[in-house]
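Comments concern the structure below.
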Amino acid sequence: MTVLNPANRNRFPEIEIDVGAAYECVMSLCAVCDARDDSDYDMGNEQLVRMRANLSLELRTAIERIAGHWQDCKIWCYLAGIVYDCEAPADVPTLLAYIEAMDALELRLYMLGYYDRSMRKLVSPETILQAAEGDSAAQKRFLKLGQPGDASWQRSTRQLLSLDAETMKSTVLEVLRRWYDEVFCEQEPLVLSILQRDAEAKRALKRTLAPERFIEVATNGFEYIPEPFTRSVVLVPCFAMRPYVCSTDHHNVVIFCYPVADESLVEDNSAPPQRLVRLYKALADERRLRMLKKLAENGYSLQEMADELGVAKTTLHHHFVVLRSAGLVRVRTSDHRYRLREETLSDVSGLLEAYLKRGLA
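Heads up: the sequence shown begins at 1 in full-length UniProt numbering, then just goes up one per residue.
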């Protein structure tokens, strides 16, 4: 286990930018597993649902054997920490070889969120370890204390705990192999070029901004407050999960799989830029305008805004995702409070004007 150094607690963590096909392979699997009616993935929820329907029976069965159902994608996000440990290039064959060499219990700990700080704040590491080792009493405590109100997490965790470590390992490998062969390998060349282009742009941007500001810009609105003992923050460009950000902990490293910037995509020169489309889509909704009005006065948590507007948290979370992806709000990772990004407001008319005048003499 990594030994944390308290001497680093007053220093902003080192920022790394990592890119690799293995990250994207895992994140694309997350997106397909998470496809729901209320999801707002850039590639289109309908396309994700079609992709899921076209999977082989063997792959669908293997995924369900791990999670028990489809809608808990967090267990696949945990694999990002394993990708981080792989030697370059972080491609899928390297990831598969790395997992094959892993101890089955160690992989089981990853899938149960053992290295996730938010989980360890709810459940002691000792309880998670004992649950992973098969202690039935510890498993009951884990399920009771982990996320008792999250039915999706409860189902997937019960399913994971029902498998022995070796069966779970072989099934994870089967899922990744089949996902790569059936879906991802065809997309890999095009997507990897987008990821590499975005990573280069972020490395150039990193040299011009303070660390806190750089993370907010790169993630399009995540205001990161370092926790004590965090050694480094790793930013990984991701295409499939756009506009969502998937964050996970890996020992004393925080990994943000962030959506690649619109500028990293190859666009039709006659089409409106994606950033402009996002802004006007976000603003073309009365409820989101009311949310922005309130955020102009004060910061809000998801629950506070839900109480203020009298709507469900799940509905409100959808609206916050749209606003954040448009660059209109920021969310602080330490307490999940949302605030207005006032600097974006001045860009709206300028972006529209620039598009309308594009190509005119």
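Each residue gets a CB set at the ideal place from its N, CA and C atoms; glycine is no exception.
Being a predicted model, the structure only gives us computed values, none of them experimental.
Judged by DSSP secondary structure, F256 falls outside any alpha helix (DSSP H) and instead within the beta strand (DSSP E) spanning V253 to P259. Annotation: the continuous alpha helix (DSSP H) that includes R178 extends over A165 to W179.
Per the coordinates, the alpha-carbon of L295 lies some 16 Å from the alpha-carbon of F222. Assignment of R290 by DSSP, reduced to helix, strand and coil, places it in the helix class. Here the C-alpha atom of G310 lies approximately 21 Å from the C-alpha atom of V331. Taking I17 as reference, the option from S301, G44, G134 and Y258 with the minimal CA-CA separation is Y258. With contact defined as three or more Cβ pairs closer than 8 Å, the region 19–29 and the region 87–96 are in contact. Taking the C-beta atoms as reference points, F239 is found no nearer than 7 Å to V217. By the neighbour-count criterion, in which 16 or more other beta carbons inside 10 Å mark a residue as buried, N220 falls on the buried side. W153 and V253 have their C-alpha atoms roughly 23 Å apart. For F214, the CB contacts under 7 Å within the same chain, skipping 5 residues up- and downstream, are I15, L205 and K206 in chain order. Straight across, the Cα-Cα distance linking S247 with I75 is about 12 Å.
Judged by their CB atoms, L109 and A131 are not nearer to each other than the 7 Å cut-off. Each residue's CA atom was taken as its position, placing L316 and L302 some 7 Å apart. With a cutoff of 7 Å on beta-carbon distance, P226 and P13 are scored as near each other. Membership of Y338 in the beta strand (DSSP E) is indicated by the continuous run R337 to L340.
If you look at P189, you'll find it in the alpha helix (DSSP H) that goes C185 to K206. I128 sits in a helix when the DSSP states are folded into three classes. According to the DSSP assignment, C33 belongs to the alpha helix (DSSP H) that extends over A21 to D34. Under DSSP, F222 forms a beta bridge with V331. In this structure, L279 sits near V348, with a CB-CB distance shorter than 7 Å. For H250, the enclosing beta strand (DSSP E) starts and ends at C246 to H250. T171 and L283 have their C-alpha atoms some 44 Å from each other. Burial is judged here by how many other beta carbons sit within 10 angstroms of a residue's own beta carbon; R287 has fewer than 16 and is exposed.
For E174, the closest alpha carbon among the candidates E64, T344 and E342 is that of E64. Cα atoms of S156 and E297: separation of roughly 40 Å, rounded to the nearest angstrom. Straight across, the Cα-Cα distance linking L340 with V245 is about 18 Å. Secondary structure at C238: strand, using DSSP grouped into helix, strand and coil. Spanning the alpha carbons of Y338 and R117 requires a straight line of approximately 21 Å. Under DSSP, S232 forms a beta bridge with E14 and V253.
Going by DSSP, N45 is part of the alpha helix (DSSP H) stretching over N45 to A53. Around the CB of G113, 16 or more other CB atoms lie within 10 Å, so the residue is classed as buried. Distance between D307 and R177, taken at the CA atoms: about 45 Å.
CA-CA distance, Y84 to K357, rounds to 44 Å.
Closest option to S56, judged by alpha-carbon separation, among D135, E182 and V191: E182. Distances from the alpha-carbon of K121 to those of D103, L145 and M27 put L145 closest.
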